[in-house]
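**Student:** Here it is, the structure in full.
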């Protein structure tokens, strides 16, 4: 199973933006795709029990991606119970009252399909990629485990050990991951995004059957889920199959709006230093709380997206060209914006020195790149190029049925709509250089930043 | 009303420790007090509705202190509702179904009494100091507002504005208080002690009638309260009066154990810098998460108490003698231990430079004082002196009826017992120099500290 932490969520919106350009500013090469028009239109339907169904027709190959998204993630956990959302990413592969443990996975494997699952702060999703003939079977299995999971101590105990081991290997043994957790815990003073998706070790260790049942009863229900089916099927076919499978699942309790504690005003500059003998190369990351697509004023999240692209979005970014290519002081640099969060989210930059350069030099050079944008803004040319890079990467995104399904699922599971996705290209296209400059000025201030340092252990430390 | 934040809670245990020496290692000057023995014994009684009653006889003057402690504080608040516990410190002085707004306070004033209230992370308390004849009236009023408070929008709205103004004057306009909040928010990554007692401004602004009613219904009940009466009364008299007043109040819902999210392992060195034009003199504070009397292994909290005393407990402390007197580099230095918390708590040091000395020099000198204890420990002589200073300050504590009532109330409201208070002197007396050294070594490591810097705004800032 995929453990989808912040960085794993990273590519989603980038793909979203890429994809939607396909609908808006259409390059010539894609003209034949959009000509199919009505037939390839993304549709939405809601079952009587509340299950939202999104169908994305894609007839290039006899393949279908079946994804079920639950509108619950680690930020919905009860305080003190961190890790329970991700725990389900494991438990859902155990037995139900109708099927033995692992039976669903074996069936997927037998028919040559693929499957996986991922958990984020705001959602949890399960998916299979199979041939269209197998879609009904997938739906039947998925609908079954939505309510019939066997959550006994015999299941919970051993799986908790697996998750503890997962945390050991992915976090405890990875100083960079540990630092990331500490930066988030420092950045978010009130909001649950400060708590790791996988959970704090001491809380994972205490998760029990009662916690699992409470979470499952509350959140695993058709009226808290979005079914996304992308592939060689029609909306009508999907609806019929869904009625026959998911349609039989009873509606769960009505859930209150997903209102989490908000951040207070950020007014300090903070640092977090992790010194660890396992670190061989120092590095830093710097984070700010910024609005997400869900919380931003119109145009602001789009400007932050293009800011991250121009500042540190790849080998054409300012940071890469200056620090890596020209000055040769950095081995890695970059910027990213966690755009697809339900609540205010983070914008981060990072870097590591190369050769004789010091970490302080790299950090200062990155800070200088930000100051340059804050003071002088970005050029029309680089803004246009940044927008164009989104368009180019769209071609690859369009090729991925899974990518499309993820875009729609992530958007719908965090309160967005199909229209939001369709309007994105126009909103990105409309961003001005002034908006990029003003987003940098407003949000990337040192007075509200958290800088994390990962340092090798040295002997002279006190 | 008193807004009791961390620093306001500070003196309590110090007084506790002081007082209890009175019972244990008794100085000659107090011999006549302890001779009264049976008559001055502190007693405990529980009413049928769950109200716990502690009586502390004190017949020196015809005065009685009547304190009602609720076992709920800001750390018991629902996430996103910070400030609601402290809100009650205001609301409780409004009207009930039986008495108009301010009527209770007017009555106290008319009879020449004093009253006040305070809120902490773990408890909220209300008290009056009056003549013994007025005790029954106080009990009747206090029992009345335990359940009959009028929580209408007309009451909530204006009082919320008062609290917003209180936060403005005490926090927003006090850079030192702002920094304190930010240090706590950084220090506590998971536990609600990271959230200010008064509440985040943006959350206070949203508190409403429904929040108030939910909190009141849940926590304001006899079975979640401790009545402490100190003064010129007998246990029998108090019991009779309490039965006739509080005894009529119905028991509230059974509350689950007060289990809050625990801190993950602390493994980073963090800094928080607040630069503010209102700051004229720079200062720093450094904090660590340490066990409290409630959570510590036997002897550890006692050792931390003596460590804070030896390191920075006053003008006889190492920090004061070295930094202020000998080197003359600091205008203020100190250390304190928030010992009386229900959960793991904080140990802090602080300092500010004097003359030409820099903040960095003062911080380094304080760090050096800690290193000296970590490496070389403390002397038997200074340990004995530190213990003796507690004994001396006891004499003043004993003089304060309110001080005694606070000690018992705070202890009982955070899960302690009368016996805990009585045994304290022996436990303090038993602390060895090795225990003090090892507490410093175990907890005061730079690798798990948070340092806050309060800096004047300067022009060259980026």
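Protein chains in written order, with the working numbering: chain R, 1 to 462; chain H, 463 to 924. Note that the Cβ used here is the ideal one computed from N, Cα and C, for glycine as well.
Taking the alpha carbon of residue 273/R as the point to measure from, which residue in 779/H, 784/H, 648/H has its own alpha carbon closest?
**Tutor:** Closest by alpha carbon: 648/H.
**Student:** CB residue 518/H to CB residue 692/H, shorter than 8 Å?
**Tutor:** Yes, the pair counts as a contact, with Cβ atoms nearer than the cut-off.
**Student:** When the Cβ atoms of the segment 760 to 767 of chain H are set against those of the segment 888 to 897 of chain H, are three or more pairs found closer than 8 Å?
**Tutor:** Judged by Cβ distances under 8 Å, the segment 760 to 767 of chain H makes contact with the segment 888 to 897 of chain H, as three or more pairs qualify.
**Student:** I believe residue 183/R touches residue 452/R by the beta-carbon criterion, under 8 Å. Please report the beta-carbon distance rounded to the nearest angstrom.
**Tutor:** Confirmed, Cβ separation roughly 4 Å.
**Student:** Contact between the segment 523 to 536 of chain H and the segment 580 to 587 of chain H: three or more CB pairs below 8 Å?
**Tutor:** The answer is yes - the segment 580 to 587 of chain H touches the segment 523 to 536 of chain H, with three or more Cβ pairs under 8 Å.
**Student:** Thinking C-alpha only, which one of 167/R, 115/R, 401/R, 262/R is nearest residue 86/R?
**Tutor:** Of the candidates 167/R, 115/R, 401/R, 262/R, the one whose C-alpha sits nearest the C-alpha of residue 86/R is 167/R.
**Student:** Quick one: residues in its chain with C-beta nearer than 6 Å to the C-beta of residue 24/R, no 5 flanking neighbours on either side, listed in chain order?
**Tutor:** Low per-residue confidence applies at residue 24/R: pLDDT is 33, beneath 50, and the placement is therefore not dependable enough to give any value.
**Student:** Who are the neighbours of residue 800/H on chain R, taking C-beta pairs under 8 Å?
**Tutor:** Simply none; closest approach about 19 Å.
**Student:** Would you check if the segment 317 to 328 of chain R and the segment 103 to 118 of chain R touch, i.e. whether three or more CB-CB distances between them fall below 8 Å?
**Tutor:** Short answer: they don't touch.
**Student:** Let me know if residue 204/R comes out buried or exposed under the rule of 16 or more other beta-carbons within 10 Å of its beta-carbon.
**Tutor:** So residue 204/R ends up on the buried side.
**Student:** What residues of chain H sit near residue 447/R, judged by a beta carbon separation below 8 Å?
**Tutor:** Under the 8 Å cutoff, chain H gives 737.
**Student:** The alpha helix (DSSP H) with residue 155/R in it runs from where to where?
**Tutor:** Looking at the DSSP string, the run of the alpha helix (DSSP H) that includes residue 155/R is 153 to 167.
**Student:** Since I believe residue 354/R is in contact with residue 331/R (beta carbons under 8 Å), could you give me their beta-carbon distance rounded to a whole number of angstroms?
**Tutor:** Indeed they touch by this definition, with Cβ atoms about 4 Å apart.
**Student:** Using a threshold of 8 Å, state whether the C-beta atoms of residue 675/H and residue 545/H are closer than that.
**Tutor:** For residue 675/H and residue 545/H, no; Cβs fall outside 8 Å.
**Student:** What does DSSP give as the partner residue(s) for residue 813/H in the beta ladder?
**Tutor:** Residue 813/H pairs with 746/H, 795/H.
**Student:** What residues of chain H sit near residue 269/R, judged by a beta carbon separation below 7 Å?
**Tutor:** Result: 735.
**Student:** According to DSSP, is residue 911/H helix, strand or coil?
**Tutor:** Residue 911/H: coil per DSSP, three-state reduction.
**Student:** What are the boundary residues of the beta strand (DSSP E) that residue 57/R is part of?
**Tutor:** Its beta strand (DSSP E) spans residues 52 to 57.
**Student:** As a quick exercise: from 588/H, 639/H, 680/H, 507/H, pick the residue whose alpha carbon is nearest that of residue 426/H.
**Tutor:** No statement about residue 426/H is possible, as the shown extent of chain H runs from 463 to 924 and does not include it.
**Student:** Report back the beta-carbon spacing between residue 552/H and residue 601/H to the nearest angstrom; my notes put them in contact at under 8 Å.
**Tutor:** With 8 Å as the limit, residue 552/H and residue 601/H do not qualify as a contact, their Cβ atoms being about 22 Å apart.
**Student:** At least one CB of chain H closer than 8 Å to the CB of residue 190/R: is that the case?
**Tutor:** Interface residue, yes.
**Student:** Here's the rule: buried if 16 or more other CB atoms are within 10 angstroms of the residue's CB, otherwise exposed. What is residue 777/H?
**Tutor:** Classification of residue 777/H: exposed, given that the 10 Å Cβ count is below 16.
**Student:** Reducing DSSP to helix, strand and coil, say where residue 228/R ends up.
**Tutor:** Here residue 228/R sits in strand by DSSP.
**Student:** Can you tell which of 124/R, 147/R, 372/R, 211/R has its C-alpha closest to the C-alpha of residue 250/R?
**Tutor:** Checking every option, the nearest Cα to that of residue 250/R belongs to 147/R.
**Student:** Do you know how far the Cα of residue 595/H is from the Cα of residue 511/H?
**Tutor:** For residue 511/H and residue 595/H, the distance between alpha carbons rounds to 25 Å.
**Student:** I think residue 721/H touches residue 100/R, with their Cβ atoms under 8 Å apart; what is that distance to the nearest whole Å?
**Tutor:** Not really, about 36 Å apart at Cβ, beyond 8 Å.
**Student:** Can you list the alpha helix (DSSP H) stretches of 4 or more residues lying completely in the segment 242 to 321 of chain R, in chain order?
**Tutor:** Within the segment 242 to 321 of chain R, the complete alpha helix (DSSP H) runs of at least 4 residues are 300 to 312.
**Student:** Name the residue from 193/R, 283/R, 129/R whose alpha carbon lies nearest to the alpha carbon of residue 175/R.
**Tutor:** Here the closest residue by C-alpha is 283/R.
**Student:** Could you list the residues in the segment 774 to 793 of chain H with a C-beta less than 8 Å from some C-beta on chain R, going in chain order?
**Tutor:** If the cut-off is 8 Å between Cβ atoms, the segment 774 to 793 of chain H has nothing near chain R.
**Student:** Determine the extent of the alpha helix (DSSP H) in which residue 588/H is found, giving its start and end residues.
**Tutor:** Element bounds for residue 588/H: not the alpha helix (DSSP H) but the beta strand (DSSP E), 586 to 592.
**Student:** What is the rounded straight-line gap between the Cα of residue 414/H and the Cα of residue 781/H?
**Tutor:** Look at the range of chain H in this structure, 463 to 924, and you will see that residue 414/H is not part of it.
**Student:** Within the segment 179 to 244 of chain R, note down every full beta strand (DSSP E) run reaching 3 residues or more, in order along the chain.
**Tutor:** Listed in chain order, the complete beta strand (DSSP E) runs (minimum 3 residues) inside the segment 179 to 244 of chain R are 225 to 231.
**Student:** Counting C-beta neighbours from all protein chains within 10 Å, is the total for residue 710/H 16 or more, i.e. buried, or is it exposed?
**Tutor:** Exposed: under 16 other Cβ atoms inside 10 Å.
**Student:** With a threshold of 8 Å between beta carbons, is residue 73/R in contact with chain H?
**Tutor:** Residue 73/R does not count as touching chain H.
**Student:** Beta-carbon of residue 176/R versus every beta-carbon of chain H: anything under 8 Å?
**Tutor:** So no, residue 176/R is outside the interface.
**Student:** Given that a residue counts as buried once 16 or more other Cβ atoms are within 10 Å of its Cβ, and exposed if not, what is residue 222/R?
**Tutor:** Answer is buried; the Cβ neighbour count reaches 16.
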